[in-house]
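Structure record follows, encoded as structure tokens.
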Amino acid sequence: MRIERLAARPDDVVPALTRTALTFGALDQQLRRHPLREAVLFRVRLEAARQCAAVDGFMIDPWQLAASLEGLRPRIRGQDVYERGNEVDALRYAFEQYQWLARASAFQEEQVTEALSSMTVPVGRLGVLWGSALAFREWIDAGRSRAPFRGALVRLWQKEGVFSGLYPITGAAAFRAATSWDERRWIPAWLNALEREAAGVKDMIHTLDRSWRGARAQAGDQRRNSKAPLAIDIIAAHPVISATTLAAQLSVSVQAACVLLERFLERGLVIDVTHRAARRLFALKDLAPLKEVVRIPKKPVSGRKRGRPRLDDEADHDDQGTGVVEKSPPPLPRWKPDYTALETAMAFADSVIFRAK
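Heads up, our numbering is the position in the sequence shown plus 26, with the first residue counted as 1.
Shown next, in the form of structure tokens:
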């Protein structure tokens, strides 16, 4: 590890390092005992996976990834097989980034551990932020993949006491094509990217807080011993929740939990993200984008027997349920070239050639 001959000077790094450290400290203080910490962490991981995938060339809708993680079937959009295939590939890549950040496999864990060990010396001599930046550059210069180091950063923040939890702040924007790779420019750029990500998480917390407190205030006049406010708290603390889970946490019957959820649905406090009558999942209304990307279940065809239907009988019934109906854009008018001027020029050229003979 190259530490004795640093190209970046303190004047280059210290301003960005100070701002990042202050933002990190404020974020950790805000999340340390936040009642919606797990819900915030779920959304932060979605956004981190989206940013990492985007920098690596794969654009996705983070709510499609959320639907996949919660066991729902996302809508795969596209005008043809090629476009839909590209969307599936991007979604798969984003899921792999999510694994590196939150749920690493045994194989991924080995590489994350290796990346974490590569930061020991620079972090010990230069501090956690500057040292990890230098180690990241050395890792990339050695031809290694970005994903293992991103996963190692999540663990480093907690190990060094930067954050009290596994928060996926990785500075993905520093790897955009327009960013200079010169050490004196890249390290401040990476630190600034970390600061922007942390500031984005703080904004996300404020948005979720407003949604939660608004739902609590609009729960309506209840009896003094009503469990409606507590139900709102539990729903807000989960990305999505079923009536069974809500009933277990409220210590009430499933029927009573369903009554509460139906009341919240009528008042517009929560949404049903599944578009189905059984095994429904609910979330606060600010997760409405998740509902839009979930595929509407196919309705059973009357008279069809059990088993796989024939190809000529298969039909997509996604638009029969409630939800947003996907409309294909009308085909573009076919371009018809006008060769009149070209034919006139060719005829003139032929006449000139004929006279020359």
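Glycine residues also receive a C-beta, built at the ideal position from the N, C-alpha and C atoms.
All figures in this text were calculated on a predicted structure; none of them were measured in a lab.
- Boundaries of the alpha helix (DSSP H) around LEU179: 172-185.
- Each residue's CA atom was taken as its position, placing TRP361 and SER237 some 50 angstroms apart.
- For ILE297, the uninterrupted beta strand (DSSP E) run begins and ends at 296-298, by DSSP.
- Counted as a single uninterrupted DSSP element, the alpha helix (DSSP H) harbouring LEU160 occupies residues 154-167.
- When only Cα atoms are considered, VAL296 and THR49 end up about 32 angstroms apart.
- Here VAL81 carries a helix assignment [DSSP, helix/strand/coil].
- In the same chain as ALA219, and ignoring 5 residues on each side of it, the C-beta atoms closer than 6 angstroms to its own belong to GLY197, ALA199, ALA200, in chain order.
- Less than 7 angstroms divides the Cβ of ILE258 from the Cβ of ARG242.
- Contact between LEU127 and GLY191 is absent: CB atoms are separated by about 13 angstroms, not below the 8 angstroms threshold.
- Collapsing the DSSP output to three states places VAL320 in a strand.
- Spatial neighbours of ALA130 in its own chain (CB-CB distance under 8 angstroms, excluding positions within 5 residues in sequence) are listed in chain order as VAL138, GLY177.
- Under DSSP, ALA309 takes part in a beta bridge, and its partners are ILE297.
- For TYR119, the enclosing alpha helix (DSSP H) begins and ends at 107-128.
- Under DSSP, PRO100 forms a beta bridge with VAL320.
- Listed in chain order, the non-local C-beta contacts of ALA225 below 7 angstroms within the same chain comprise THR49, local neighbours out to five positions each way being set aside.
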